[in-house]
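Here the structure is laid out as structure tokens; the discussion comes afterwards.
2 protein chains.
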Amino acid sequence: MKRSEDTATMILDAAQHLAQTQGYNAFSYADIASEVGIRTASIHYHFPGKGDLGYSLVARYRQIFLQSLTEIDQTTNKAAQKLKKYIDLYHWSLLEDRMCLCGMLASDIATLPEKVRDQVKIFFDVNVAWLATILKDGRKADEFIYRGTAEAQARLMLASIQGAMLVARALRNTGQFQKVTKDLFNSIKKAK
Amino acid sequence: MKRSEDTATMILDAAQHLAQTQGYNAFSYADIASEVGIRTASIHYHFPGKGDLGYSLVARYRQIFLQSLTEIDQTTNKAAQKLKKYIDLYHWSLLEDRMCLCGMLASDIATLPEKVRDQVKIFFDVNVAWLATILKDGRKADEFIYRGTAEAQARLMLASIQGAMLVARALRNTGQFQKVTKDLFNSIKKAK
DNA sequence: GTCTATAGGTGGATAGAC
DNA sequence: GTCTATCCACCTATAGAC
Numbered sequence: 001m002k003r004s005e006d007t008a009t010m011i012l013d014a015a016q017h018l019a020q021t022q023g024y025n026a027f028s029y030a031d032i033a034s035e036v037g038i039r040t041a042s043i044h045y046h047f048p049g050k051g052d053l054g055y056s057l058v059a060r061y062r063q064i065f066l067q068s069l070t071e072i073d074q075t076t077n078k079a080a081q082k083l084k085k086y087i088d089l090y091h092w093s094l095l096e097d098r099m100c101l102c103g104m105l106a107s108d109i110a111t112l113p114e115k116v117r118d119q120v121k122i123f124f125d126v127n128v129a130w131l132a133t134i135l136k137d138g139r140k141a142d143e144f145i146y147r148g149t150a151e152a153q154a155r156l157m158l159a160s161i162q163g164a165m166l167v168a169r170a171l172r173n174t175g176q177f178q179k180v181t182k183d184l185f186n187s188i189k190k191a192k
Numbered sequence: 193m194k195r196s197e198d199t200a201t202m203i204l205d206a207a208q209h210l211a212q213t214q215g216y217n218a219f220s221y222a223d224i225a226s227e228v229g230i231r232t233a234s235i236h237y238h239f240p241g242k243g244d245l246g247y248s249l250v251a252r253y254r255q256i257f258l259q260s261l262t263e264i265d266q267t268t269n270k271a272a273q274k275l276k277k278y279i280d281l282y283h284w285s286l287l288e289d290r291m292c293l294c295g296m297l298a299s300d301i302a303t304l305p306e307k308v309r310d311q312v313k314i315f316f317d318v319n320v321a322w323l324a325t326i327l328k329d330g331r332k333a334d335e336f337i338y339r340g341t342a343e344a345q346a347r348l349m350l351a352s353i354q355g356a357m358l359v360a361r362a363l364r365n366t367g368q369f370q371k372v373t374k375d376l377f378n379s380i381k382k383a384k
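So the protein lines, in turn, are chains A and B.
For the first sequence, this note's numbering assigns the number 1 to the initial residue and increments by one for each residue that follows.
For the second sequence, this note's numbering assigns the number 193 to the initial residue and increments by one for each residue that follows.
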């Protein structure tokens, strides 16, 4: 019940938490209202329908995620370090028992409004594009070694990370995620 | 509206289809009733609560999946061939726009009854155990090459395959799944 | 075993007072 | 902007006739 921030933000925070832990179809306006400490009618004032809420949710998530990627790009030049920090982004989320928001929405994809679906798609495309750049740079710098195109490897890594989160949460075993992503990292890391 | 089979089976078939395409929280007894051509009360006769239905659903899925694995073991001795057929199991599912039932339930894990959760966990454990055996045999037979333990590699492959389904469905691109799993296969296949 | 009828609860959503 | 009050559709579930 944080009362210091503006309501729209508090609603989005609560909705995101619920969406990441339970899924799009498992939370209600009542759940959000209860977490924020307001009434459901107030939510409708800020987000007329659940579709609007979902759209704003993913749009904000994408934007913040993109900022994180930019920060990673600025803090180091080593591709291997960048990749580790990228994996950490997801790891931190998992430590709070949160799935990636878009990984979660991906499972609900058939029931999402078109505009929300598009946002999820864009999120994955951005991830693949960023990863492909890192992988390409890393191979050029002799840090990574892998067969095929950088984009193909990027798609494999995105799928593996999302799947690792999904399975680790089901097994209630965060360590599983760390092991899998470490092995994934090692599979392309060039031995010194 | 198949009337030839027994009702319980028809209910499970419809529920499984809905669960794999929409998720556990996105389908109702009314949806099943409509697909089967009966009333919701009839479903409650066979499966008193949704938890009972969910449990029976995963238990049957596990059993049928295990049969498929046994069949694979019987049709070939080549580890590489077995692995390909294993991936095909998931691929066929995806061609009908179906996620793996347990991958889908994994995303809904926080909202599932305890007994359903346990079934999902067992499904993943069975997958890892079977994959680990194949990977071990394949390495011994000089078909596969990978670092680390067979079990670690098995966990990576399960996560990658589940994630590949998740992302491919979100992007509405089945070809993506084929590419990713092919690259995954090639990453451990020993060149002749 | 399947039906009709219905209960009690919750879903997203709106009108209008403050 | 937030509230109370309310709407209707849908949810899971049960009782009892057939």
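Ideal Cβ placement from N, Cα and C applies to all residues, glycine included.
What you are looking at is a predicted structure, and each value in this text was computed from that prediction instead of being measured.
Exercise for the section: Check whether the Cβ of B/Gly-367 lies closer than 7 angstroms to any Cβ atom in chain A. Expected result: Position 175 of the second sequence, counting from 1, holds the residue named residue 367 of chain B. For B/Gly-367, the answer is no, since every Cβ of chain A falls outside 7 angstroms of its Cβ.
Practice task
Under 7 angstroms Cβ to Cβ from A/Thr-174, same chain only, skipping five residues before and after it: list those, please.
Solution key: As a first step, residue 174 of chain A must be located in the first sequence, where it is residue number 174. Only Leu-94, Leu-95, Ala-168 meet the Cβ criterion.
Problem - contact_flag[the segment 373–383 of chain B, the segment 273–292 of chain B] where n(CB pairs < 8 angstroms) is 3 or more - result: The segment 373–383 of chain B vs the segment 273–292 of chain B: in contact.
Handout entry: Whole-angstrom C-beta distance between A/Ala-80 and A/Gly-148, which should lie under 8 angstroms
Key = By 1-based counting over the first sequence, the position of residue 148 of chain A is 148. By 1-based counting over the first sequence, the position of residue 80 of chain A is 80. About 19 angstroms separates the two Cβ atoms, so there is no contact after all.
Problem - Any C-beta of chain A under 7 angstroms from that of B/Ile-380 - result: Counting from 1 along the second sequence, the entry for residue 380 of chain B is found at position 188. False, the Cβ-Cβ gap to chain A never drops below 7 angstroms.
Problem - B/Gly-241 classed as buried or exposed, judged by whether at least 16 other C-beta atoms fall within 10 angstroms - result: Residue numbering aside, residue 241 of chain B sits at position 49 when the second sequence is read from its first letter. By the neighbour-count criterion, in which 16 or more other beta carbons inside 10 Å mark a residue as buried, B/Gly-241 falls on the exposed side.
Handout entry: Residues that DSSP places opposite A/Lys-189 in a beta bridge
Key = Counting from one through the first sequence, the residue named residue 189 of chain A turns up at place 189. Answer by DSSP bridge pairing, in chain order: A/Phe-144.
Exercise for the section: Measuring only between beta-carbons, confirm whether B/Ser-220 sits less than 7 angstroms from chain A. Expected result: Within the second sequence, numbered from 1, the residue matching residue 220 of chain B stands at position 28. Not one chain A Cβ lies under 7 angstroms of B/Ser-220.
Practice task
Give the secondary structure of B/Phe-315 by DSSP, where H, G and I count as helix, E and B as strand, and everything else as coil.
Solution key: Here residue 315 of chain B is taken as the residue at index 123 of the second sequence, counted from 1. Here B/Phe-315 sits in helix by DSSP.
Practice task
With DSSP collapsed to three states, give me the class of B/Gln-208.
Solution key: Within the second sequence, numbered from 1, the residue matching residue 208 of chain B stands at position 16. DSSP places B/Gln-208 within a helical segment (H, G or I) once states are collapsed to three.
Problem - CA-to-CA distance, B/Arg-347 to B/Lys-328, given in whole angstroms - result: Here the question's residue 328 of chain B lines up with position 136 in the second sequence. Here the question's residue 347 of chain B lines up with position 155 in the second sequence. Computed Cα separation, rounded: 13 angstroms.
Practice task
Give a yes or no on whether the C-beta atoms belonging to B/Lys-274 and B/Glu-335 are separated by under 7 angstroms.
Solution key: Here residue 274 of chain B corresponds to residue number 82 of the second sequence, with the count starting at 1. Here residue 335 of chain B corresponds to residue number 143 of the second sequence, with the count starting at 1. No.
Exercise for the section: Would you check if there are 3 or more beta carbon pairs closer than 8 angstroms linking the segment 34–46 of chain A to the segment 98–114 of chain A? Expected result: Touching, no.
Practice task
To the nearest angstrom, report how far apart B/Asp-310 and A/Ala-141 are at their CA atoms.
Solution key: Position 118 of the second sequence, counted from the first residue, corresponds to residue 310 of chain B. Position 141 of the first sequence, counted from the first residue, corresponds to residue 141 of chain A. Their Cα atoms are separated by approximately 46 angstroms.
Problem - Same chain only: Cβ atoms within 7 angstroms of B/Cys-292, ignoring 5 sequence neighbours per side - result: On the second sequence, residue 292 of chain B is found 100 positions in, with the first residue counted as 1. Within the same chain, B/Cys-292 has close Cβ partners Tyr-282, Ser-285, Gln-354, Met-357.
Practice task
Excluding the 5 residues preceding and the 5 following B/Lys-194 in the sequence, name in chain order all residues of the same chain whose CB lies nearer than 7 angstroms to its CB.
Solution key: Stepping through the second sequence from its first residue, residue 194 of chain B is reached at position 2. Unreliable placement is indicated for B/Lys-194, whose pLDDT of 47 sits below 50; the coordinate value is still reported in the next sentence. For B/Lys-194, where only same-chain residues beyond five positions count, the Cβ hits under 7 angstroms are Met-202.
Practice task
Can you grab the Cα-Cα spacing for the pair A/Ala-26 / B/Cys-294, in whole Å?
Solution key: As a first step, residue 26 of chain A must be located in the first sequence, where it is residue number 26. As a first step, residue 294 of chain B must be located in the second sequence, where it is residue number 102. Approximately 17 angstroms between the Cα atoms of the pair.
Problem - Closest residue to B/Tyr-338 among B/Asn-378, B/Lys-307, B/Val-312 (Cα-Cα distance) - result: Position 146 of the second sequence, counted from the first residue, corresponds to residue 338 of chain B. Answer by Cα proximity: B/Asn-378.
Exercise for the section: Look up A/Gly-37 in the DSSP assignment and say whether it is helix, strand or coil. Expected result: Counting from one through the first sequence, the residue named residue 37 of chain A turns up at place 37. Three-state DSSP puts A/Gly-37 in coil, outside helix and strand.
Practice task
Under 7 angstroms between beta-carbons, which chain A residues line up against B/Val-308? List them in chain order, please.
Solution key: Numbered from 1 along the second sequence, position 116 holds the residue referred to as residue 308 of chain B. Result: empty, since nearest Cβ-Cβ is about 11 angstroms, beyond 7 angstroms.
Exercise for the section: For the alpha helix (DSSP H) containing A/Ala-26, list its first residue and its last residue. Expected result: By one-based count along the first sequence, residue 26 of chain A stands at place 26. Neither: A/Ala-26 is in no alpha helix (DSSP H) and is coded neither H nor E.
Practice task
For A/Arg-60, collect the residues of the same chain with a Cβ closer than 7 angstroms to its Cβ; drop the 5 residues on either side in sequence, then sort them by chain order.
Solution key: Your numbering for residue 60 of chain A matches position 60 in the first sequence. Answer for A/Arg-60: Leu-12, listed in chain order.
Practice task
Name the residue from B/Gly-229, B/Met-296, B/Thr-262, B/Leu-363 whose alpha carbon lies nearest to the alpha carbon of A/Val-116.
Solution key: For the purposes of this step, residue 116 of chain A is identified with residue 116 of the first sequence, where counting begins at 1. Answer by Cα proximity: B/Leu-363.
Problem - Unbroken alpha helix (DSSP H) run spanning A/Asp-52, endpoints - result: In the first sequence, residue 52 of chain A corresponds to position 52, counting from 1. Note, A/Asp-52: alpha helix (DSSP H), 50–75.
Exercise for the section: Please list the partners that B/Ile-301 has in chain A, where partner means a Cβ-to-Cβ separation under 7 angstroms. Expected result: As a position in the second sequence, residue 301 of chain B is number 109, starting the count at 1. Within chain A, the residues near B/Ile-301 are Arg-169, Ala-170.
Handout entry: chain A contact for B/Gly-340 (CB, 7 angstroms cutoff)
Key = As a position in the second sequence, residue 340 of chain B is number 148, starting the count at 1. It does: the Cβ of B/Gly-340 has a partner Cβ on chain A nearer than 7 angstroms.
Exercise for the section: Would you give the residue range spanned by the alpha helix (DSSP H) that B/Ala-302 belongs to? Expected result: Position 110 of the second sequence, counting from 1, holds the residue named residue 302 of chain B. Here B/Ala-302 belongs to no alpha helix (DSSP H), and DSSP marks it neither H nor E.
Handout entry: A/Ala-129 burial status per 10 Å Cβ neighbour count (16 or more: buried)
Key = As a first step, residue 129 of chain A is located in the first sequence; it is residue number 129 there, counting from the start. Exposed is the call here.
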